[in-house]
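The numbers in my numbering rise by one with no breaks, and the one at position 145 of the sequence shown is 132.
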Amino acid sequence: MTIDSFTKLYERAVDLQRLMSPFITGHLVVEFLLRKLIQIYDVSLTQHADDLKHARLISLNHNISTITDAQKDALVGINKIRNKFAHRITHEPTLADLKTLFIKCKDAFSDFTDGIEQGLSEIDGAASVDQLEEWEIHELFIQIAYDLHHVYHNRGGDIEEF
């Protein structure tokens, strides 16, 4: 799809079948939690963390051992797809891209409610990205958020309040 008119841009913005919206929202949730992990690790790093781009935020969390190697790889994969959305509004990840990402996330995160596994099943059964629904992406990020929140809580953060 090319966007050669305001109407096409508008249609892109309001299209409910797009994966971009839940992906961007999930990315923002992950970024918020990564900042909270740094804050709970050392409150004096809060301002520094707030100034970091997402890739550096992932690296810092990895360096302070709040995320594992596998989690770092999965989050870098998420960030790469998010960057493609940011730089080309018409970007659509392929089923292969999504399957690779979901597998990385399945290997890196707990999948507490089987959302990643269910998403993989939907991806495997789809003939095109257009057949996927928003919930598959939401579930992916919910599983990641559960794990990052668990680390936050285990490091002394309140279970509910930030």
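In this text, a Cβ means the ideal position worked out from N, Cα and C, and glycines have one as well.
query                                                                                                                           : result
Neighbourhood of His140 by C-beta distance below 7 angstroms, restricted to the same chain and skipping five residues each side : Ile146
is_contact[Ile146, chain C] using C-beta, thresh 9 angstroms                                                                    : Considering every chain present, this structure includes no chain C. It has just one protein chain.
For Glu109 and Asp101, the rounded distance between their alpha carbons                                                         : 12 angstroms
Inter-stretch contact at 8 angstroms, needing at least 3 Cβ pairs: the segment 80 to 92 / the segment 26 to 37                  : no
Three-state secondary structure assigned by DSSP to Leu135                                                                      : helix
3 or more residues per run - each beta strand (DSSP E) lying fully within the segment 70 to 146                                 : none
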